[in-house]
Structures are given as structure tokens and as C-alpha cells.
Amino acid sequence: MDAPATAETLTLVEAGRRAVLQEMRRDPRIWVLGEDVARGGLFGQYRGFRDEFGPDRVVSTPISESTIMGAGLGAALVGTRPIIEMRIFDFAMCAMDELVNQIAKIRYMFGGQAKAALVVRMPHGIWRNSAAQHSQTLEAWFAHLPGVVVAAPSTPADTAGLLVAAIRSDDPVLFFDPKNLFGVTGPVPAEIDPLPFGIARQVLSGGDLTMVAWSSILPDCEAACAALAQEGIGVDLIDLRTLWPWDEDAVAASVARTGRLLVVHEAVQAAGFGAEVVARMIERLGPAAVKAARRLGAPRVPVPFSPPLEEAVKVTAAKIVAAAKATLGA
Amino acid sequence: MAETALAGHNMCRLIELYRTMVRIRAFEETALAAHRAGLMPGPLHASIGQEAVAAGVCLNLRRDDRITSNHRGHGHAIAKGAGVAGMMAELFGRAGGHCGGKGGSMHIADFSVGMLGANGVVAGGIPIAVGAAQGLRLLGSDAIVACFFGDGAINRGPFLEGLNWAALYRLPVLFVCEDNGVAAFTRAGEVTAGPGAVARAQAIGVAAESVDGNDAVAVDAAAGRLAAAVRRGDGPRLLHLRTYRLLGHTSTDQAAWRPEQEVAEARARDPIARLRARLLGEGVAAAALDAIIAGAEAEMSAARDAALAAPWPDPATAWTDVLDADRQEVA
Ligand SMILES: Cc1ncc(C[n+]2csc(CCOP(=O)(O)OP(=O)(O)O)c2C)c(N)n1
Chain A
1 MDAPATAETL TLVEAGRRAV LQEMRRDPRI WVLGEDVARG GLFGQYRGFR
51 DEFGPDRVVS TPISESTIMG AGLGAALVGT RPIIEMRIFD FAMCAMDELV
101 NQIAKIRYMF GGQAKAALVV RMPHGIWRNS AAQHSQTLEA WFAHLPGVVV
151 AAPSTPADTA GLLVAAIRSD DPVLFFDPKN LFGVTGPVPA EIDPLPFGIA
201 RQVLSGGDLT MVAWSSILPD CEAACAALAQ EGIGVDLIDL RTLWPWDEDA
251 VAASVARTGR LLVVHEAVQA AGFGAEVVAR MIERLGPAAV KAARRLGAPR
301 VPVPFSPPLE EAVKVTAAKI VAAAKATLGA
Chain B
331 MAETALAGHN MCRLIELYRT MVRIRAFEET ALAAHRAGLM PGPLHASIGQ
381 EAVAAGVCLN LRRDDRITSN HRGHGHAIAK GAGVAGMMAE LFGRAGGHCG
431 GKGGSMHIAD FSVGMLGANG VVAGGIPIAV GAAQGLRLLG SDAIVACFFG
481 DGAINRGPFL EGLNWAALYR LPVLFVCEDN GVAAFTRAGE VTAGPGAVAR
531 AQAIGVAAES VDGNDAVAVD AAAGRLAAAV RRGDGPRLLH LRTYRLLGHT
581 STDQAAWRPE QEVAEARARD PIARLRARLL GEGVAAAALD AIIAGAEAEM
631 SAARDAALAA PWPDPATAWT DVLDADRQEV A
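Line order of the protein sequences matches chains A and B.
Using the working numbering, the first residue of the first sequence is number 1, and each one after it goes up by one.
Using the working numbering, the first residue of the second sequence is number 331, and each one after it goes up by one.
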């Protein structure tokens, strides 16, 4: 085994930047397209890229989301490896045909003649009171969609590792950057290894309850778990990191121990990915082994602008604590 | 003395234009100051320097005409007659805002004056405007729809689709391309092929004109001509207005990448200052114009103070206005 590479403390957005930088230096087929990327991107994810890689590999595009998405696919079909930057997730709504009917279907429909080896980056979620058209978390839609990988990390290291894996993968990877966590810091190795899809991260260990989450809600889950620990409640907190493929084995092993499952997501609870996790655990372990299973998500309400309204519909640490206790009481 | 009468009429119109522009400026400066002071949540896109567009176009609309707007829409709303108290309250996220605090700056709407909504999605308003025009005709109305969008929006599919649709069905739409030369942090010219909106409209048979969007009088005249044609049933028209975004993309962006010289030159073409010079030249007393400014500033300060004093919305309202079919319990 090599000695562990030196790690640096980076923000999540910088961790992502380093990952893409490392890969673009390694492979000249990799390029990035999206609005304002030559100016470093909306969040600085591509700061300095234009100077280093030039205008052919760092392409600031027109505001033409359907063509940003579709052109990325076309470029992948002839052997380049595009990173399609959607600015924020909500604008990918303008490119649904290209994503759902084209990118997700090409390989299968054409009998495996080509793969859509591309990454679509879509920073998502509630951030700075941006209201209904700039705050959505709809990752569950894409877990439901055959033909795509769905990544939704919550830490700088996972963002870096999963981005490297996404870039090297021949599958189309939908990468949901957690907007509200861009500023959180954590260690990131100087040499970023790919983090395989479908391996969950054990955040905390505890015997009373299994809590499953991903993406932007993780810090609230950790705060809730700290509060629960004060009351002597031990939580097995699992960050799925990718929703497709997802680490059923890790969740099943935990639920088999604790017998109680709470899935937490920022997204709307109804028909969210939490429902899939709960259903799979009951199918797999049997109803007798799962004494209680709940989900906690947002109400089926668009994200409102006004701070007290946003706060009212948002999943918070306090709501997570209450849901955890309800799961234990059930 | 027909000429005098005409001049008198024009003077009223010019002063009306001036008042609207000054009110838009005062509204946005008041909002920006509050935003900088940390009193206002969310992103704020100011149209400082572009006021002649909204004022000149909307002066040619009736109350029952409709408009659709974009993310930089405060001016469009004010010029269409939206109440500034409700707008300011909305920007502060307070009860009493036009949208009850659910929308904020980027989603101002005031249906009571035909303002069908700002939009957080570039070009999102274009198909809506086209459909509104189709609906109005179906209802037998002679109202028209003005559709405001930026130069950045013409590279999205809905622009082409909307133009074609409106031309095909000869719909009463006045497309207004507010060309400030930039889209967020990128110059429009760097991401737009060919000569732009006018040529694109003409290519599918929509008559189009381009005028200096910082010359309020020219905007008013052109909008008047085109709106009249649209109302007559001649089909859609496109008005391209060249202007300049004096500030950054949002309240937190300094647009530091633009050469100072360029911004300074643009400041010298400030549409409000230009109209003021013209009015002074026509013999209007400076004191009268200053009174308009003072009145607008007082109006907007009062709107701000009232908004800040207004209660926050009841959190339970987060659950209202989702669906008639909902039976959702408040959490
Ligand atoms: C479909 C879509 N893509 C991207 C964005 C992000 N965005 C907001 S405003 C803007 C620039 C728009 O430029 P323009 O239409 O010219 O209006 P301006 O900001 O110059 O007034 C961009 C890219 C968006 N809101 N919607």
C-alpha cells in the first residue's frame, strides 16, 4: 500500500473544481460546456479553467439549455467526454427531452452501439431564499429513470471522488451538487481517487435507529443526531452518496440491527426516493424485521420565497429529531 | 395654435415618461440599499439604466393589455401600474406582498393591472405571452400582450417557437427585446450569431424595429407605432431596444469584468438624465423635475418603511394556493 496522499482542507465547491481540473489535465477528451463557464461558472467551479484549457475545452454557451444538453450528448457519441454544466438544476427543465428521451435511451435503444459517457452537473436545492424556480430537489425523478446514474454527495471528499468516478465512467451520470453546502469544508486528498458508485458512507454508528439521507440535508441530520445522542439515542447515520446505484446492502445490514428506519430528504416526501428505500427494506428484510419505517421530506408545496414560509416547509434538524423519536416510539 | 396644443400634449407625455422612469429608479435604489443592508432576502436583479424601455413601452398599453416579464422585471411591473407598496412588501417577503411573500423579486406579478408575472426562467414568459394573446382573441378582446425579454433569451428555443406561433396565428403580441448587451456574466455578442433579434424576427415574417432604448422619446414613439399595428390586427411585431445594464447581474455582482471606461460612457447615456436634459431644453423648470424625484423617493421610502413594518406571512400560508384538490395538513 502506498502511504496516504496528503490531504488539504477545501470547500465543497473547490473540491469539485480540483476533481475536474485533475481529470481535464489527464485526458484531453474531457471538456466542459455551459453558461458563463469561461468566467468560472456561477459558483466558481471552473475558476481558471479557460486560461488553462482554452476556449475549445471550456465553452461558454448561449442560454440554450436544450442544446447544451443535446450537444453534450452528440459530442459524447463521437468520443469526447463532456461535462455538461446546467448552472442550477431548475434550468435542466428546459432540456428534458435531451436528458430523458435521448441521453438516458441512446445506449439501450441502439443495442449498445454507443454509450453516453458524459456528466451532467446540476447544483440543486434550497439556497439563499431563491424561491420556487431556483430551489428544487427532484433527484427522485431520475432515480426513477432507467439509463442514468444519480449522484448526490454531501461532503468535499465525496464530491471530488464521485466527480472523478463520474468523469471516468462510460455511463451518463447526473451529478447533483448540493448548492447550500458549497461552502462547507473538509479534507480532500491531493490525488483524488474515483469513489465507486453505490457505496454508502457510514457517518455515525448507533444501535437504536437507522437514518438514511443524502446531499444537502446531511448536516441537519448530523445536528439532529447530536441532539438525539444527548438524550442517549444512538443513530446509525448513512449517507447514500448515490441514489442509483444505491447501497441497499449497507442499509439492510443496519436496519437488520436496529429494526427502525428513518429516511430523510430535502425533497418533497410524497413519492420521493425515501419511499423506495423503505419499500425495499420491507421487501428484503420482511415486515417482522422492520419494526418501524418512516420518511421525512418536505410537504408537497413549491419552495416559497419568504424566509418564514421557506423555513416552514423545509426539513430542519428539529423536524428530524421529532421524526426520529416518532420512529422510535412506533 | 394647433402646434402649441400638440407641444403641450407632448410635454405631458414626456413628463409622464420621466415620472415613471424616476419612480422605477427610486424603487430599485431603495430596494438595493435595503438589500445591501441585509434587510432583504433572495437575489435582486436591478434594471438601473434600462428604465426607458419599460416606461416607453408601457405608456402605449391600456390597463387591460397584458405583459409578461423576466427576472429583471421591477420596471416592467411599475410601468404597467403595479402597486409599489405590494411590490416592496413582496421583495421583503412580507404579508401584503402581491404574491403573499411566496414569489419575491424574481416572481413579481400583479394580475389586477395585467402584469402576468416576472419569470425566473430566461424566455419563460415568451410562450405565455403568445398564449395570452391567443386567449384574448378567443375572448373577443382587442387587448394586446407586450412580452419583455432580454437579449440572452433569443438563443432559447421558445423565442423562435413563440415568434413563429404568433406570426402563424397573427396574434396580438408586441415582442420587446431589451438588449442590454450582456447575459449574466457573458457579453451577448459572444454567444449570439448573426445580427440578432430583429433579423431573426424578420426571417419569419414578423416586422421589427430597432431603436435606442436609452432614448425614452424614441422608445415611446416606436412602441406606439408597433402597438397600434398589433392592436389593429396586423399580427405580432418586435421592438428591439438597445440599452445598458449599469449595475451587475444581481445585487451581489459588481460586474468587475467590464472596463470602467465602458461603464462611464454608458453612464453618460443614462436615459433619465437624457430625458431630463430634453425637458429642461423644452423649458420645463428644474424645480418641477426635482419635485418629481423627491415625490418618487418619498413614495418608495414610505413603501419600504411600510414593508419593513408589515408582519411576516403566517407560516400556514405556505400550504395555501397549491392545489384545489389538496387536502394537505399543515405540518
Ligand atoms: C433557462 C434559464 N437559463 C439560465 C438562467 C440563469 N440566468 C438568469 S438571468 C440570465 C441572463 C439573462 O440575460 P438576458 O435575457 O439578456 O437578461 P438580462 O439579465 O441581461 O436582463 C441567466 C443566464 C435562467 N434564469 N433561465
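Beta carbons are placed, not taken as given, at the ideal position from N, Cα and C, and that holds for glycine.
- Close to chain B, meaning a Cβ-Cβ distance shorter than 9 angstroms, are the following residues of the region 54-69 of chain A: S60, T61, P62, I63, S64, E65, S66 and T67.
- If you compare the alpha carbons of I378(B), G405(B) and A409(B) with that of L391(B), the shortest gap goes to A409(B).
- For Q202(A), DSSP records a beta bridge to I238(A).
- Shown here, E539(B) sits in a strand according to DSSP, grouped into three states.
- Set against 7 angstroms, the gap from the CB of I397(B) to the closest heavy atom of ligand 1 is not smaller.
- Under the Cβ criterion (8 angstroms, minimum of three pairs), the region 90-110 of chain A counts as touching the region 61-78 of chain A.
- For C221(A), the CB stays at least 7 angstroms from every heavy atom of ligand 1.
- Runs of the beta strand (DSSP E) spanning 3 or more residues and lying entirely within the region 218-273 of chain A occur at 235-239, 242-244 and 260-268, in chain order.
- Setting aside the 5 residues that flank it on each side, T155(A) is surrounded in the same chain by G186, each with a C-beta closer than 6 angstroms to its C-beta; the list follows chain order.
- Contact of N494(B) with chain A is not assigned, every C-beta pair being separated by 8 angstroms or more.
- Of all residues in the region 112-135 of chain A, only R128, N129, S130, A131, A132, Q133 and H134 come within less than 8 angstroms of chain B when Cβ atoms are compared, listed by chain position.
- For T159(A), the enclosing alpha helix (DSSP H) begins and ends at P156 to R168.
- Short note on A514(B): C-beta closer than 7 angstroms to some heavy atom of ligand 1.
- In the displayed model, D509(B) falls within a strand according to three-state DSSP.
- Rounded to whole angstroms, the separation of the alpha carbons of N129(A) and P307(A) is 7 angstroms.
- According to the DSSP secondary-structure assignment, E8(A) is paired through a beta bridge with V188(A).
- A residue is called buried once 16 or more other Cβ atoms fall within 10 Å of its Cβ, and T6(A), having fewer, is exposed.
- Here V313(A) has A298, P299, V301, V303 and P304 as same chain residues with Cβ atoms under 8 angstroms from its own Cβ, once five neighbours each way along the sequence are excluded.
- With a cut-off of 7 angstroms, the C-beta of E592(B) is classified as distant from ligand 1, since no heavy atom of the ligand falls inside that distance.
- For A132(A), the shortest separation between its Cβ and any heavy atom of ligand 1 does not lie below 7 angstroms.
- Taking 8 angstroms as the cut-off, the Cβ atoms of F49(A) and A140(A) do not count as close.
- Under the DSSP assignment, S631(B) falls in the alpha helix (DSSP H) whose first and last residues are A616 to A639.
- Rounded to whole angstroms, the Cβ separation of A483(B) and A453(B) is 4 angstroms, and the two are in contact under 8 angstroms.
- With respect to chain B, the C-beta atom of R241(A) has no partner C-beta closer than 8 angstroms.
- For E491(B), the Cβ stays outside the 7 angstroms cut-off from all heavy atoms of ligand 1.
- When rounded, the separation of the alpha-carbon atoms in E14(A) and E359(B) is 34 angstroms.
- Excluding five sequence positions before and after A38(A), the CB atoms of its chain that fall closer than 6 angstroms to its own CB belong to R50, V58 and S60, given in chain order.
- For L77(A), the enclosing alpha helix (DSSP H) begins and ends at E65 to L77.
- Linking H404(B) to F489(B) through their CA atoms gives a straight-line distance of about 22 angstroms.
- Taking a beta-carbon distance threshold of 8 angstroms, S216(A) does not count as an interface residue toward chain B.
- Among the residues facing chain A, V512(B) is not included, as its CB has no counterpart in that chain under 8 angstroms away.
- By the CB criterion at 8 angstroms, E85(A) and A514(B) fall outside the cutoff.
- At a threshold of 7 angstroms, R295(A) does not count as near ligand 1, since its beta carbon sits no closer than that to any of the ligand's heavy atoms.
- With 16 or more other CB atoms across the displayed protein chains lying within 10 angstroms of its CB, T137(A) is buried.
- Chain-ordered, the chain A residues with CB closer than 7 angstroms to the CB of G372(B) read R128, N129, S130, A131 and F305.
- The three-state secondary structure of T398(B), taken from DSSP, is strand.
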